[in-house]
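Colleague: There's a structure below that I have some questions on.
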Amino acid sequence: AKPILITQAPSDYVKVTSGLGESSPQNIMVLPVLFEEQVMAVIELATLHDFSDTDQAFLEQLSETLGVVLNAIIANQRTEQLLEQSQELTRELQERSEELQSQQEELRRSNAELEEQAQSLKASEELLQTQQEELRQTNEELQEKAALLSQQNRDIERQNREIELARQSLEEQAHELALTSKYKSEFLANMSHELRTPLNSLLILSKLLADNPEQNLNDKQIEFARTIHQAGSDLLALISDILDLSKVEAGKMEVHPAPLPMTDLRDYVDRAFRPVAEEKGLTFALELKPGAPVQVVTDEQRLQQVLRNLLSNAFKFTDEGEVALEIAPADPPYAVAMTVRDTGIGVPQDKLRLIFEAFQQADGTTSRRYGGTGLGLSISREIANLLGGTIQVTSTPGEGSRFTLLLPATLDVQPEEDDDDDAGLMPSAAPIVLLPEGGAAPPPPLAGQLEPDLEPEPPAPPAIDDRNEIVAGDRVLLVIAPTEQAGLELAEPARGTGGFRALIAAGGPAAMGLSHEFAPDAILLDLETEQGLLERLKQEPRTRHLPVLAIGPEDKRQTALRCGAAQFVATGGDTREALGEIIAFLDRPVRHVLIVEDNEEEQKAVCELVSGEGIEVTTAGTQDEAQDELDARQFDCIVLDLKLGGKGSVGLGLLEKIKADERHQMTPVIIHTGKELTRREETRLARFAESIIVKDAGSPERLLAETSLFLHRPESSLRDEDRRKLESMHQADAVLQARTVLIVDDDVRNVFALTSALEARGMYVRFAENGREAIDQLAEDPNVDLVLMDVMMPEMDGYETTRAIRGMPQLEGLPIIALTAKAMKGDREKSIRAGASDYITKPVDVEQLLSLMRVWLYR
1 AKPILITQAP SDYVKVTSGL GESSPQNIMV LPVLFEEQVM AVIELATLHD
51 FSDTDQAFLE QLSETLGVVL NAIIANQRTE QLLEQSQELT RELQERSEEL
101 QSQQEELRRS NAELEEQAQS LKASEELLQT QQEELRQTNE ELQEKAALLS
151 QQNRDIERQN REIELARQSL EEQAHELALT SKYKSEFLAN MSHELRTPLN
201 SLLILSKLLA DNPEQNLNDK QIEFARTIHQ AGSDLLALIS DILDLSKVEA
251 GKMEVHPAPL PMTDLRDYVD RAFRPVAEEK GLTFALELKP GAPVQVVTDE
301 QRLQQVLRNL LSNAFKFTDE GEVALEIAPA DPPYAVAMTV RDTGIGVPQD
351 KLRLIFEAFQ QADGTTSRRY GGTGLGLSIS REIANLLGGT IQVTSTPGEG
401 SRFTLLLPAT LDVQPEEDDD DDAGLMPSAA PIVLLPEGGA APPPPLAGQL
451 EPDLEPEPPA PPAIDDRNEI VAGDRVLLVI APTEQAGLEL AEPARGTGGF
501 RALIAAGGPA AMGLSHEFAP DAILLDLETE QGLLERLKQE PRTRHLPVLA
551 IGPEDKRQTA LRCGAAQFVA TGGDTREALG EIIAFLDRPV RHVLIVEDNE
601 EEQKAVCELV SGEGIEVTTA GTQDEAQDEL DARQFDCIVL DLKLGGKGSV
651 GLGLLEKIKA DERHQMTPVI IHTGKELTRR EETRLARFAE SIIVKDAGSP
701 ERLLAETSLF LHRPESSLRD EDRRKLESMH QADAVLQART VLIVDDDVRN
751 VFALTSALEA RGMYVRFAEN GREAIDQLAE DPNVDLVLMD VMMPEMDGYE
801 TTRAIRGMPQ LEGLPIIALT AKAMKGDREK SIRAGASDYI TKPVDVEQLL
851 SLMRVWLYR
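Okay, so the sequence shown: first residue is 1 according to UniProt numbering, each after it adds one.
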C-alpha cells in the first residue's frame, strides 16, 4: 500500500470548511496507516495549497507511528476482552462449585433417610415372619379339613374319571387333527412352490415361443409351442385342483359371476380338447341346441373347471368312438344343461356315488388301467353347488356315460358370513342325481330323504340398453360412464342422432367385455369413469380403431385428443354436434391424409407406409402447397415435417396456422421430423400437435401406429407386414422401455424365463439369488425401477427381504411385486403387510405381470 496524491480533485468532491467559510482543496493526500506491512487504517487529508516533499515525508513517517499506536490500542482492547472472559469463567466456576456443594449436602440427607427406611424395613420383616408362622399353623388346620373333604369327594371323582378320560381323548384327537391340518397346510405350501417353480419357466418360455416375436418359427412350430403352453396350463389346473381341496373341505371357495356367452364357452372347449381328440383318434362333437340361452351369468373360470374335469375324464376313459358336449335348454329351475357324453368304459351302478368322493375312483386297485387323483369329480360337485346347479349322471358299463351339469340363468352370490367357528365342517354337497340307465327322470325322493330347494329362479331383470334389440346392420354406440344412470343420460341424444343402438357400460371391465362381445361402431366415454381407460381402449387391438367421443373437463381436451379421441366435448356440453361428426366420419368410405415433406424420398416412403385400402394420400413439398391443399379440403390426419426448405421454423409456423383455422382445429397433426428438438420447442409443439416422432430406426413403426390410431384404421385392414410391425411395436411397451428390474429368486429356471420375457420388452434385468444379495445390490446401486420378489427363498425369505427394503429410506417408494405360489389362504395379505406393492401368483402369466408392471411403473 502506498500514499496517493490527488492534485486536481473535482470541484464537488470535498470542501475544506471552517467557521468562516469553505473552499475547494488544492491537493488531497490518501495516506495508508501500516503496521508490519498490514493496512490498519486510511487517512485522507485535504489542503488549500500544494503538499511539499517535506510534508509528504513527514506524513509517511507519521503513518508508521500511527500504525504502531493503533496496533497497541487494538492489542489492549483484546487483552481487556480476554480478561473479562477470564473473570466470567471464574464466576461460573464458583457458581458450579457452590451447586456441587449443595448437591453433596442433599446426598448426605438422602443417605440418612435411606438408613432410616432400612431400619423400618427390618422391623417390618420381623413382623412378617411372625405373621407367616401364624399362617402356617392356619394352613395345617385347613389341610386337615381338606383331607376330610377329599375323602368325601373320592366317590364323586371316581364317577367323573371316565368322563375326564373321554375328554382327554377328545382333546388329543383335536390336537392331532390340528397338527395334521398344520402339516397338511405346510405340505401344500411347499408342494405348491416346488411344482409351480418349474411350471413357471415352462409356461413363460412356451408363451414366448408361441408369440414368435422374431418371426423365425413356422405355423407348425408355433402350434407346438401353443400346445406345450396349453399342456402346462392343464398341469397348472391339476395343481390348483389339489390345492383347492383344502378350500373345498372348508367351504372357502369363492365365485365371481359375470356374463358368459355360450359361444365363448363352446370355443374354449373346442380349443382345449380338439387336439386331444385328434391325438386319440376320437370324434369330438360340439352342439349348441336351439333354444339354449345365449349367455348365462356365472363364474366362467369355475364353469370351465367343471367342464374340463368332465371332458378330461370322458377322453381318458374312451378308447374309440365319440366324446360330445351338448349345450341345451333345461327345465326350470335351471336354464341350461351341459351334457358330456362318451362311448367309453362306463361306470357300474354301485360305483356312481363313490366316484364323487375325494381320492376315490371306480377302479381303485393297484392294477388299475387308468390313473388319476380322484379329485376332479369331487371338486366338480362342490363347484356345481357354488354355481347354484347340480350334476346328473347315467352310465352303462361297456357303453359309456352321460354327465349333465344343470345351471341357472343367473348366479346369485350371497354375502359372505363369518363362519370361523364352522371352518372345519364339510359344506353341504351338491346333489348328485343318479339317473337310471335309460336316462328317465329320477323317482320322487323317499320319506326323510333330503331334496334340494327347487324354487324357480326369478326372471333376469330387463336390460337397460338396446343389447337385446341389436340386429345385423345396426349402428352400435358403446356408452361408458361411472354409473348406469349416467350412461342412460349420455345415451339419450345418441339414440336420436344417427339412429344408434346404445350399449351401457358402468366401469372399465364391463366396457371391455361389451366391446369384445358386440364390436360397436363408436364409443362415447365419460373420462371420469376410470383413469387410463381411454389409453386402454386405444392400446387394445379390438378397440383401437373405434372413434371415441370423450366427455370431460376442458383441461383434459388436449390430453384426450393426443390419446386418440376423435372428438371432445366439455362436461355438460351438447354431444349432438360431435356425434354428427363421428357419423359423418363413419359414413366416409375414404380417409384423407396430408403429408407435408420437402424431401422426395422421404415423401415417397411415408406415402408407401401410410397408404392402404380406403386411404387417399395428398402430398405437399412447401408451406404454400400445404396451405393450398388445406384451403381446398378437409383432412382426417396431417403428417408434418418441421424442416421445410431446411428451416425448422417454417413447419412450426405452418402448424400454428393450421390450429388457428377453425376448420382444422380438430384435425390431428403428427410431427415427423429429423430435427433435434429443444425443450422449449417440444413444449411449444405439445400445445398443437397430437404426436411428435423423431426420424430414427424405429420411426416407421411409430408413424404407422400413430396414423392408424388417428385414422381409426382396424388392424385387419392393414397389410400383413404392417400388422407385424404394429404387433412388434406394441410389445415393446413404452412404459417398460429401458426400465431396470431386479429379480430376486433362487431358481435359475424362473430367472431365465422371466429375463427372456422382460428383455424382449426392452427392459434391463438384474438378478439376486436371495434376499441378502438383493439388499446388498440395492445398497450399492439403488437405480432399480421395480423388484420382482419370490416369497420362498433360503437364508432370507421374500417377506423379510421386503421389510428390509422398506426400511431403507431411499427405497420407501420402490414398487415390489411379490411372486407367491397361492398355496394357502392369506398369502396376499401377508405379502402386502410385509410391504409389497402388489402380488402375482405362480406360474406367472406374462401378460398379467406386464400389466401390473405398467401400472406401478406408470405411477
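Where is the CB? At the ideal position from N, CA and C, for every residue including glycine. On a predicted model such as this, the values are computed, not experimentally measured, just so you know.
1. Go ahead and label SER11 buried or exposed: buried means 16 or more other beta carbons lie within 10 angstroms of its beta carbon, across all protein chains shown.
2. Taking the DSSP output, what are the residues bridged to THR17?
3. Do you know how far the Cα of GLN531 is from the Cα of SER708?
4. Which residues mark the beginning and the end of the alpha helix (DSSP H) in which GLU279 is found?
5. Among residues of its own chain, excluding the 5 on either side of TYR764, which ones have a beta-carbon nearer than 8 Å to its beta-carbon?
6. Just the Cα atoms here: how many angstroms apart are GLU300 and LEU857?
7. On the three-state DSSP scale, how would you describe SER63?
8. Could you tell me whether the Cβ atoms of VAL30 and ALA41 are closer together than 8 Å?
9. Could you check which residue in THR618, GLU171 and ILE583 has the C-alpha nearest to that of GLU597?
10. Report the rounded CA-to-CA distance for ARG663 versus GLN634, giving the unit in angstroms.
11. From GLU44 to GLU37, what distance separates their C-alpha atoms?
12. Should ALA279 be labelled buried (16 or more other beta-carbon atoms within 10 Å of its own) or exposed?
13. Only counting runs of 4 or more residues, tell me where the alpha helix (DSSP H) segments fall wholly within the region 512-579, in order along the chain.
14. What are the partner residues of VAL323, as DSSP defines its beta bridges?
15. Answer yes or no: do ARG591 and ILE615 have a C-beta to C-beta separation smaller than 8 Å?
16. By Cβ distance, which residues of its chain are closer than 7 Å to GLY291, with the 5 residues on each side in sequence left out?
17. Under the assumption that VAL744 contacts LEU811 (Cβ atoms under 8 Å), give the Cβ distance between them as a whole number of angstroms.
18. Would you decide whether MET792 is buried or exposed? Buried here means 16 or more other CB atoms lie within 10 Å of its CB.
19. Measure the CB-CB distance between LEU594 and ALA566 and report whether it falls below 8 Å.
20. Are the Cβ atoms of ILE551 and LEU478 separated by less than 8 Å?
21. Is LEU606 helix, strand or coil when you go by DSSP?
22. For the candidate residues LEU48, THR820 and ALA178, whose alpha-carbon lies nearest to that of ASP797?
23. Would you report the Cα separation of GLN131 and ARG167, rounded to the nearest angstrom?
24. Could you give the C-beta distance for PRO408 and ALA335, rounded to a whole number, given that I count them as a contact under 8 Å?
25. In the DSSP assignment, find the unbroken beta strand (DSSP E) run with SER395 in it and report its ends.
26. Starting from TYR764, follow its DSSP beta bridges and name the residues at the other end.
27. To the nearest angstrom, report how far apart PHE500 and LEU405 are at their CA atoms.
28. Give the DSSP bridge partners of GLU616, in chain order.
29. Assuming residue 864 and ALA519 make a contact with CB atoms under 8 Å, what is their CB distance in whole Å?
30. Taking all protein chains shown into account, decide if ARG271 is buried (16 or more other Cβ within 10 angstroms of its Cβ) or exposed.
31. In whole angstroms, what separates the C-alpha of residue 897 from that of LEU199?
32. Among residues of its own chain, excluding the 5 on either side of LEU849, which ones have a beta-carbon nearer than 6 Å to its beta-carbon?
33. Note down, in chain order, each residue of its chain lying with its Cβ closer than 8 Å to the Cβ of ALA494, except the 5 sequence neighbours on either side.
34. Check MET853 in the structure and name its three-state DSSP category.
35. Would you report the Cα separation of ILE228 and LEU236, rounded to the nearest angstrom?
Modeller: Put simply:
1. Locating residue 11 in the sequence shown gives position 11, where the first residue counts as 1. Looking at its Cβ environment, which holds fewer than 16 other Cβ atoms inside 10 Å, SER11 is exposed.
2. As a first step, residue 17 is located in the sequence shown; it is residue number 17 there, counting from the start. DSSP, once it has assigned bridges, lists GLU22 as partnering THR17.
3. Stepping through the sequence shown from its first residue, residue 708 is reached at position 708. Stepping through the sequence shown from its first residue, residue 531 is reached at position 531. Cα-Cα distance, rounded: 23 Å.
4. Reading the sequence shown from its first residue, position 279 is the one you call residue 279. Per DSSP, GLU279 belongs to the alpha helix (DSSP H) from 262-280.
5. For this step, residue 764 is matched to residue 764 along the sequence shown. Cβ within range, chain order: ALA738, ARG739, THR740 and VAL741.
6. By one-based count along the sequence shown, residue 300 stands at place 300. By one-based count along the sequence shown, residue 857 stands at place 857. Each residue's alpha carbon lies about 31 Å from the other.
7. If you number the sequence shown from 1, residue 63 lands on position 63. It is helical.
8. The sequence position of residue 30 within the sequence shown is 30, counting from 1. The sequence position of residue 41 within the sequence shown is 41, counting from 1. Going by C-beta atoms, VAL30 is not nearer than 8 Å to ALA41.
9. The residue given as residue 597 occupies position 597 in the sequence shown. Ranking the options by Cα distance to GLU597, first place goes to THR618.
10. For the purposes of this step, residue 663 is taken as the residue at position 663 of the sequence shown. For the purposes of this step, residue 634 is taken as the residue at position 634 of the sequence shown. Answer to the nearest angstrom: the Cα atoms are 7 Å apart.
11. For the purposes of this step, residue 44 is taken as residue 44 along the sequence shown, with counting starting at 1. For the purposes of this step, residue 37 is taken as residue 37 along the sequence shown, with counting starting at 1. Their backbone Cα atoms lie some 19 Å apart in a straight line.
12. On the sequence shown, position 279 is the one that residue 279 refers to. Ala is not the amino acid found at residue 279; the sequence shown has Glu there. Exposed, by the Cβ-count rule.
13. 533-539 and 557-563
14. In the sequence shown, counting from the first residue as 1, residue 323 sits at position 323. PHE284 and ASP342, per the DSSP bridge assignment.
15. Residue numbering aside, residue 591 sits at position 591 when the sequence shown is read from its first letter. Residue numbering aside, residue 615 sits at position 615 when the sequence shown is read from its first letter. In this structure, ILE615 lies closer than 8 Å to ARG591 by Cβ.
16. Reading the sequence shown from its first residue, position 291 is the one you call residue 291. If we look at GLY291 and ignore the five residues flanking it on each side, its Cβ neighbours are PRO329.
17. Along the sequence shown, one-based indexing puts residue 744 at 744. Along the sequence shown, one-based indexing puts residue 811 at 811. About 13 Å separates the two Cβ atoms, so there is no contact after all.
18. Here the question's residue 792 lines up with position 792 in the sequence shown. By the 10 Å Cβ count, MET792 comes out buried.
19. Taking the sequence shown and counting its residues from 1, the one referred to as residue 594 is at position 594. Taking the sequence shown and counting its residues from 1, the one referred to as residue 566 is at position 566. No, Cβ-Cβ distance for LEU594 and ALA566 is not below 8 Å.
20. As a position in the sequence shown, residue 551 is number 551, starting the count at 1. As a position in the sequence shown, residue 478 is number 478, starting the count at 1. Going by C-beta atoms, ILE551 is not nearer than 8 Å to LEU478.
21. Position 606 of the sequence shown holds residue 606. First, the amino acid is wrong: residue 606 is Val here, not Leu. VAL606 falls in the helix class under three-state DSSP.
22. Position 797 of the sequence shown holds residue 797. It is THR820 whose Cα lies nearest to the Cα of ASP797.
23. Numbered from its first residue, the sequence shown carries residue 131 at position 131. Numbered from its first residue, the sequence shown carries residue 167 at position 167. Distance between the alpha carbons of GLN131 and ARG167: 43 Å.
24. Here the question's residue 408 lines up with position 408 in the sequence shown. Here the question's residue 335 lines up with position 335 in the sequence shown. The pair is a contact, with the Cβ atoms about 6 Å apart (cut-off 8 Å).
25. In the sequence shown, the residue the question calls residue 395 occupies position 395. In this chain, the beta strand (DSSP E) harbouring SER395 covers 390-396.
26. By one-based count along the sequence shown, residue 764 stands at place 764. Paired residue(s): THR740.
27. Against the sequence shown, residue 500 aligns to sequence position 500. Against the sequence shown, residue 405 aligns to sequence position 405. For PHE500 and LEU405, the distance between alpha carbons rounds to 39 Å.
28. The residue given as residue 616 occupies position 616 in the sequence shown. Answer is HIS592.
29. Summary: the structure shown does not reach residue 864, with the chain confined to residues 1 through 859, and so no result is reported for it.
30. Taking the first residue of the sequence shown as position 1, residue 271 is located at position 271. Classification of ARG271: exposed, given that the 10 Å Cβ count is below 16.
31. Here the chain comprises residues numbered 1 to 859, so residue 897 is not present and cannot be evaluated.
32. Numbered from 1 along the sequence shown, position 849 holds the residue referred to as residue 849. If the five residues before and after LEU849 are omitted, its C-beta is found closer than 6 Å to the C-beta atoms of ILE840, all from its own chain and listed in chain order.
33. Taking the sequence shown and counting its residues from 1, one reaches residue 494 at position 494. Around ALA494: LEU477, VAL479, PHE500, ALA502, LEU524, THR575 and LEU579.
34. In the sequence shown, the residue the question calls residue 853 occupies position 853. Helix.
35. Numbered from its first residue, the sequence shown carries residue 228 at position 228. Numbered from its first residue, the sequence shown carries residue 236 at position 236. For ILE228 and LEU236, the distance between alpha carbons rounds to 12 Å.
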